[in-house]
Amino acid sequence: MATISAPQITKKLFGGVFDVDGSGHYPGLELINLVVCCKEGTLPSDEKIHVFRAAHDFARQLITDKLDHERKDAVLVGEHTAIVVAHLLRCLELEVPNVVKTKGWERTHFFPYTRSLVHWDARNGRQASLDVQLERRYLRGAGAYAFSVLRHDPNLERLLKLRNGFDALYPREKNSALELLAATLKSQGKCDPDDNPSFDTIEVLSELHNDKWEELYRDGTCNILSHTNLPTVQRVRAIMNWTSIWLCLLESDRALSINGDSNLAVVVDCAGTHSQLRRASQRCLKNLTSVIEQVSREEGARQGALSEQQVSKIRGFFANTAAASGLLNSWKGRRHFTLRLPALEALVMAAIPIYEEMEFEKFIYSWLYENCNIVAGRESASKAGMLIAFDGTIFEENERKLAEQMKSAGLLKMFSDATRMVSPGGRF
């Protein structure tokens with residue numbers, strides 16, 4: 408019997424490679440890599456794409472103290488300069504899942520706030536003659552699937568907005584102090600030659616479903632990119648967190664549909680005051696993870712033999728990615744669904760285009776529940792059939808606490824008790 412790998416299963420079930428090694432923020436980082444470094448342009452319609460990969464190994468080794476003194480002294484003036492630059496770069500580090508000890512430079516990544524901070528996977532060469540190798544370790548394919556969804560948008564008007572939005576997010580002509588520093592450091596590392604970009608063998612194998620989830624991602628990404636009145640940092644973070652949130656919601660809903668149980672929604676505990684709601688949210692996480700595991704096992708049985716190790720890779724992607732995006736309360740321990748600030752900000756920006764607002768009640772029901780399958784308020788809970796087992800006041804309190812959190816974050820304006828408007832903020 409043929410041995411089946413996790414990528415084979417997740418591509419069949421969900422459209423892309425949903426692997427624990429590529430979980431957390433890695434899908435968003437992979438997406439940005441493909442958008443910014445694609446030889447064929449921003450979200451091209453070409454059948455095959457090629458990517459200019461750069462390791463940024465000089466900067467990544469600098470902050471993990473793995474850079475030899477000869478290379479360091481050739482670029483940086485004095486030890487004090489190296490210390491200052493290293494501290495700056497640490498502020499740009501990406502949080503990664505399941506780090507139980509000090510991580511090496513190969514797992515040190517930067518948030519892609521500017522064009523020259525964008526970088527690819529790399530590792531030390533296996534032979535002495537190969538110092539650094541450019542290869543996929545953590546950018547495994549979930550971001551490539553998201554990239555494929557965007558660039559194959561059948562709505563040409565929206566596709567043009569997406570292209571223009573990404574071009575505005577990463578302008579070639581803008582040279583900030585951070586961009587100039589990042590470009591200098593990047594030039595000292597390993598990269599693909601200008602005349603020989605790498606053919607991306609993963610993205611081309613993505614299997615699009617052309618369903619409501621892919622349309623939702625395109626609409627949400629288009630809305631986020633429209634907020635040119637907001638700082639670049641805010642838009643970049645929102646794109647990465649929205650990508651992670653969307654992948655989790657898509658994966659769970661498609662697994663439920665395959666399992667014939669499409670009524671289960673993501674129950675978020677935003678109040679933290681009712682143990683019944685907390686337990687329901689914890690149970691929801693457990694149930695969704697179980698369904699994903701079940702349909703993966705069943706598909707593995709149809710195709711051949713799926714080992715327990717491969718099952719754990721599929722199972723781990725969901726929780727890690729949800730935690731990174733702010734959809735879970737923590738990376739480890741007793742976890743439950745919630746909406747932390749990163750998730751709230753991304754969901755608000757994805758729901759509402761620039762210079763527009765949305766009533767809070769509509770945001771809670773129409774956007775979070777009807778579009779994203781997230782239960783936060785009483786009306787959503789009623790529609791999901793949860794008020795049979797729950798007192799409706801629990802969800803009223805949950806909704807009220809969520810409104811307070813959004814107001815504190817500048818995402819909600821209260822004009823009266825009856826009028827509450829949601830918007831990402833910025834300059835109107």
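First residue of the sequence shown? That's 408 in the working numbering, and the numbers climb one at a time after it.
From the three backbone atoms N, C-alpha and C, an ideal C-beta is built for every residue, glycine too.
Sequence-distant partners of R543 (beyond 5 residues in either direction) whose C-beta falls short of 8 Å from its own C-beta, in its chain, are D528, I609. The beta carbon of P604 sits closer than 7 Å to the beta carbons of K446, H457, V458, F459 from its chain, once the five residues preceding and following it are set aside; these are given in chain order.
Only exposed fits Q683, as fewer than 16 other CB atoms lie within 10 angstroms of its CB. Here N636 is exposed, its C-beta having fewer than 16 other C-beta atoms within 10 Å. Leaving aside the five residues that flank L748 on each side, the residues in its chain whose CB is nearer than 7 Å to its CB run, in chain order, G733, A816. Residues A461, H463, S523 of the same chain have their beta carbon placed closer than 6 Å to that of K593, with the five preceding and five following residues left out of the count. Nearest C-alpha to N617 among N727, S555, E764, P504: S555. It is roughly 13 Å from the alpha-carbon of L754 to the alpha-carbon of H634. Contact between N780 and L656 holds: CB atoms are separated by about 6 Å, below the 8 Å threshold. Annotation note: the region 777 to 827 contains the following uninterrupted alpha helix (DSSP H) runs of length 4 or greater, listed N- to C-terminal: 785 to 790, 799 to 815. Residue nearest to V640 within the set V442, F518, V484 is F518 (criterion: CA-CA distance). For V539, the enclosing beta strand (DSSP E) has its first and last residue at 539 to 541.
The alpha-carbon of G723 is positioned some 36 Å away from that of E766.
A distance below 7 Å separates the beta carbons of G532 and Q540. Remark: fewer than three beta-carbon pairs, one from each stretch, lie closer than 8 Å, so the region 702 to 713 and the region 736 to 746 are not flagged as touching. Under the 10 Å beta carbon count, N648 is surrounded by 16 or more other beta carbons and is classified as buried.
Burial state of V484 is exposed, judged by a 10 Å Cβ sphere holding fewer than 16 other Cβ atoms.
The beta carbon of F465 is closer than 8 Å to those of L474, R478, V482, L592, K593, Q595, G596 in its chain, skipping five residues each way along the sequence. With contact defined as three or more Cβ pairs closer than 8 Å, the region 421 to 431 and the region 486 to 494 are not in contact. Note that the region 805 to 813 touches the region 667 to 683; at least 3 beta-carbon pairs, one per stretch, sit closer than 8 Å. Boundaries of the alpha helix (DSSP H) harbouring R686: 682 to 710, taken from the DSSP string. Beta bridge pairing from DSSP links E500 with F517. Note: L569 is not bridge-paired with any residue in the DSSP secondary-structure output.
In this structure G423 touches A551 by the C-beta definition: roughly 7 Å separates them, less than 8 Å. Ranking F822, R530, R514, C498 by CA distance to the CA of L585 puts C498 first. Looking at T515, N562, L746, T521, the one whose alpha-carbon comes closest to that of Y545 is T515.
Taking 8 Å as the upper bound for CB-CB distance, L569 and T628 are in contact here, some 6 Å apart.
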